[in-house]
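Protein chains in written order, with our numbering: chain A, 1 to 213; chain B, 214 to 462.
This is the structure:
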């Protein structure tokens, strides 16, 4: 992190974030193993809005998050927070990196590997519940939570779809994506035609001037 | 006969030769409950200050690190994990009680092989020239009798390009924060010391020694005088603590 933030604050935030990520990784042994394969590499995430720098280093035990790092960096990525969110949630990180607004330096393959590992974490919530509550109660609670989580996810998707439909089709508050893309294409082609017309008019004007002389 | 040279011990003036013994008594007294008291006094923030120190240190796999006045081994434990089997960490402390606590803590957590424990005075380091990539001293410099001599010796044992990091209490940058901090240090700390460590005098010394320690700019100048280049400092928690960094040219 940069700027006028007290180092105590940014270090505390990163420490809390690191603890949370490592807690999640402890419940996803496969993910932790995959991250271990990236051990020793350092990923620099430079966010422009808000202005924050985070260095992420996978280790055999989990990840290390730092606010500053002076050593060699494997991959450096620059962009706004929204661009990083887009990459983190993307199903096709390679396409997002190529088409998105993120500026990338260094090894992109390692970054894609990291994104896939973190996005695909399969967290086993049952293990800590069974450890605390015992086999029977822990398993049953885990089933209930899994069901609730699944329902919540489905309900979220459904709500999102219906809301999108209402905004685009019913209330017509915003045009649908395809219509908007068509419109942008039309604007672009109009812009090109105007530019061509302009240069043709200039050419004709020059020729007319020569003819008058 | 000439008068003996004097130095600070908290607000008291004592003979230069006597300070090391007096400081040793303080740490013999608090060693067993040192970690608990640190957590209580700082509300756990000392862990954040130390974490930032590790980030600024730039220590990597294979590096050689000396942690002076390393006490109960908070910094050394992290360095052991970072430098790996190809690196080397030396935990040094003048006080054998503190060193004993630190050694037990590190060995009990399975950290061995790349760590050495040395009882040493920060002013007379028992290492050859150009030995370490990084030296840290956290909350230790203010207890050293001759700080200038200690800084010069740290410069000697650092490799060219190596870094010295001094984490120490400093001067709050805001007057209001300074007053609140004074009230806390002189009223709450000794009381806490009496209740938890059964020793209010040592914590009274802690509060006093912080006040007579050089402020941010003075310590930076002292590091430059000892031969360090690219000296800079980071204020933390409003300047209550500052991390000074210097590089051996």
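Using N, Cα and C, we set each Cβ at its ideal position, and we do this for glycine too.
Quiz item: Are the segment 255-269 of chain B and the segment 277-297 of chain B touching, with three or more C-beta to C-beta distances below 8 Å?
Solution: Two segments are said to touch when three or more pairs of C-beta atoms, one from each, lie closer than 8 Å; by this definition the segment 255-269 of chain B touches the segment 277-297 of chain B.
Practice problem: Consider the Cβ of residue 382(B): report whether some Cβ of chain A lies at a distance smaller than 8 Å. | Solution: Stepping through the second chain from its first residue, residue 382(B) is reached at position 169. No, no contact with chain A.
Exercise. Give the DSSP bridge partners of residue 277(B), in chain order.
Key: Translated into the one-based positions of the second chain, residue 277(B) becomes position 64. 301(B), per the DSSP bridge assignment.
Self-check item: Given 8 Å, three or more beta-carbon pairs between the segment 246-259 of chain B and the segment 402-416 of chain B
Solution: yes
Quiz item: Could one say the Cβ of residue 265(B) lies closer than 8 Å to chain A's Cβ atoms, at least one of them?
Solution: Within the second chain, the letter at position 52 stands for residue 265(B). Yes, because at least one Cβ of chain A sits closer than 8 Å to the Cβ of residue 265(B).
Practice problem: Could you tell me the distance, in whole angstroms, from the CA atom of residue 436(B) to the CA atom of residue 381(B)? | Solution: For the purposes of this step, residue 436(B) is taken as residue 223 along the second chain, with counting starting at 1. For the purposes of this step, residue 381(B) is taken as residue 168 along the second chain, with counting starting at 1. Spanning the two alpha carbons is a distance of roughly 14 Å.
Quiz item: Per DSSP, which one or two residues make a beta bridge with residue 47(A)?
Solution: Taking the first residue of the first chain as position 1, residue 47(A) is located at position 47. The partner list for residue 47(A) (beta bridge, DSSP) reads 52(A) and 79(A).
Quiz item: Any contact of the segment 37-50 of chain A with the segment 58-68 of chain A, i.e. 3+ C-beta pairs under 8 Å?
Solution: Because the criterion of three Cβ pairs below 8 Å is met, the segment 37-50 of chain A and the segment 58-68 of chain A touch.
Quiz item: By DSSP, does residue 394(B) sit in helix, in strand, or in coil?
Solution: Stepping through the second chain from its first residue, residue 394(B) is reached at position 181. DSSP places residue 394(B) in helix when its eight states are reduced to three.
Quiz item: Secondary structure at residue 37(A), three-state DSSP: helix, strand or coil?
Solution: Against the first chain, residue 37(A) aligns to sequence position 37. Residue 37(A) falls in the coil class under three-state DSSP.
Exercise. Look up residue 456(B) in the DSSP assignment and say whether it is helix, strand or coil.
Key: Translated into positions along the second chain, residue 456(B) becomes position 243. Residue 456(B) falls in the strand class under three-state DSSP.
Quiz item: Going by DSSP, what residues sit across from residue 228(B) in a beta bridge?
Solution: Within the second chain, residue 228(B) is the residue found at index 15, counting from 1. Checking the DSSP bridge columns, you'll see residue 228(B) partnered with 219(B).
Quiz item: Per DSSP, what kind of secondary structure is residue 433(B) in: helix, strand or coil?
Solution: Taking the first residue of the second chain as 1, we reach residue 433(B) at position 220. The answer is helix: DSSP assigns residue 433(B) an H, G or I state.
Quiz item: Who does residue 345(B) pair with in a DSSP beta bridge?
Solution: Walking along the second chain from the start, residue 345(B) turns up at place 132. According to DSSP, residue 345(B) bridges with 371(B).
Self-check item: Backbone secondary structure at residue 27(A) - three-state DSSP
Solution: Here the question's residue 27(A) lines up with position 27 in the first chain. The three-state secondary structure of residue 27(A), taken from DSSP, is coil.
Practice problem: Look at the alpha carbon of residue 425(B) and the alpha carbon of residue 331(B), and state the distance between them as a whole number of angstroms. | Solution: Numbered from 1 along the second chain, position 212 holds the residue referred to as residue 425(B). Numbered from 1 along the second chain, position 118 holds the residue referred to as residue 331(B). Straight-line spacing of the CA atoms in residue 425(B) and residue 331(B) works out to 28 Å.
Quiz item: What do you get for residue 140(A), buried or exposed, if any count of 16 or more other CB atoms within 10 angstroms of its CB means buried?
Solution: Residue mapping note: residue 140(A) aligns to position 140 of the first chain, counting from 1. Counting Cβ neighbours within 10 Å, residue 140(A) comes out exposed, since fewer than 16 surround it.
Self-check item: Min CB distance residue 75(A) to chain B below 8 Å
Solution: Looking up residue 75(A) in the first chain gives position 75. So no, residue 75(A) is outside the interface.
Quiz prompt | DSSP-derived helix/strand/coil call for residue 57(A) | solution = By 1-based counting over the first chain, the position of residue 57(A) is 57. Strand.
Quiz prompt | Where the alpha helix (DSSP H) through residue 99(A) begins and ends | solution = In the first chain, residue 99(A) corresponds to position 99, counting from 1. 93-99 is the span of the alpha helix (DSSP H), which, as asked, contains residue 99(A).
Self-check item: C-alpha distance - residue 182(A) paired with residue 137(A), whole-angstrom precision
Solution: If you number the first chain from 1, residue 182(A) lands on position 182. If you number the first chain from 1, residue 137(A) lands on position 137. Distance between the alpha carbons of residue 182(A) and residue 137(A) is about 56 Å.
Quiz item: What are the boundary residues of the beta strand (DSSP E) that residue 104(A) is part of?
Solution: Against the first chain, residue 104(A) aligns to sequence position 104. Start and end: 103-106.
Self-check item: Close-in-space but distant-in-sequence residues of the same chain around residue 135(A) (CB under 7 Å, 5 per side omitted)
Solution: Your numbering for residue 135(A) matches position 135 in the first chain. Hits under 7 Å: none found.
Self-check item: Short CB-CB distance (under 8 Å) between residue 367(B) and chain A
Solution: Position 154 of the second chain, counting from 1, holds the residue named residue 367(B). Taking Cβ atoms only, chain A never reaches closer than 8 Å to residue 367(B), which makes this a no.
Quiz prompt | C-beta atoms of residue 122(A) and residue 31(A) nearer than 8 Å | solution = If you number the first chain from 1, residue 122(A) lands on position 122. If you number the first chain from 1, residue 31(A) lands on position 31. Yes, the Cβ-Cβ distance between residue 122(A) and residue 31(A) is below 8 Å.
Quiz item: By the 10 Å Cβ neighbour count, where 16 or more other Cβ atoms means buried, how is residue 11(A) classified, buried or exposed?
Solution: What you label residue 11(A) is simply residue 11 of the first chain in a count that begins at 1. Counting Cβ neighbours within 10 Å, residue 11(A) comes out buried, since at least 16 surround it.
Quiz item: Listed from N- to C-terminal order along the chain, which residues in the segment 42-67 of chain A have their beta-carbon within a distance smaller than 7 Å of any beta-carbon of chain B?
Solution: Here the close residues are 66 and 67.
Quiz item: Since residue 422(B) contacts residue 355(B) with CB under 8 Å, what's their CB separation in whole angstroms?
Solution: For the purposes of this step, residue 422(B) is identified with residue 209 of the second chain, where counting begins at 1. For the purposes of this step, residue 355(B) is identified with residue 142 of the second chain, where counting begins at 1. Indeed they touch by this definition, with Cβ atoms about 5 Å apart.
Quiz item: Whose CA, out of 279(B), 269(B) and 336(B), lies closest to the CA of residue 67(A)?
Solution: Counting from one through the first chain, the residue named residue 67(A) turns up at place 67. Nearest C-alpha to residue 67(A): 269(B).
Quiz prompt | 8 Å Cβ cutoff met for residue 446(B) and residue 461(B) | solution = Sequence index remark: in the second chain, residue 446(B) carries index 233 (1-based). Sequence index remark: in the second chain, residue 461(B) carries index 248 (1-based). No, these two residues do not count as a Cβ contact at 8 Å.
Quiz item: Is it the case that the Cβ atoms of residue 18(A) and residue 65(A) are separated by a distance below 8 Å?
Solution: On the first chain, residue 18(A) is found 18 positions in, with the first residue counted as 1. On the first chain, residue 65(A) is found 65 positions in, with the first residue counted as 1. Yes; because the gap between Cβ atoms is below 8 Å, this pair is in contact.
Exercise. Check whether the Cβ atoms of residue 340(B) and residue 278(B) lie closer than 8 Å to each other.
Key: Along the second chain, one-based indexing puts residue 340(B) at 127. Along the second chain, one-based indexing puts residue 278(B) at 65. Not closer than 8 Å, so no.
Self-check item: Close beta carbons around residue 254(B), own chain, < 7 Å, minus the five adjacent residues each side
Solution: Counting from one through the second chain, the residue named residue 254(B) turns up at place 41. Once the five neighbours on either side are set aside, the close Cβ partners of residue 254(B) are 402 and 405.
Self-check item: Sufficient close CB pairs (3 or more, under 8 Å) joining the segment 223-240 of chain B to the segment 373-392 of chain B
Solution: no
Practice problem: Would you please verify whether the beta carbon of residue 271(B) is less than 8 Å from any beta carbon of chain A? | Solution: What you label residue 271(B) is simply residue 58 of the second chain in a count that begins at 1. For residue 271(B), the answer is yes, since a Cβ of chain A falls inside 8 Å of its Cβ.
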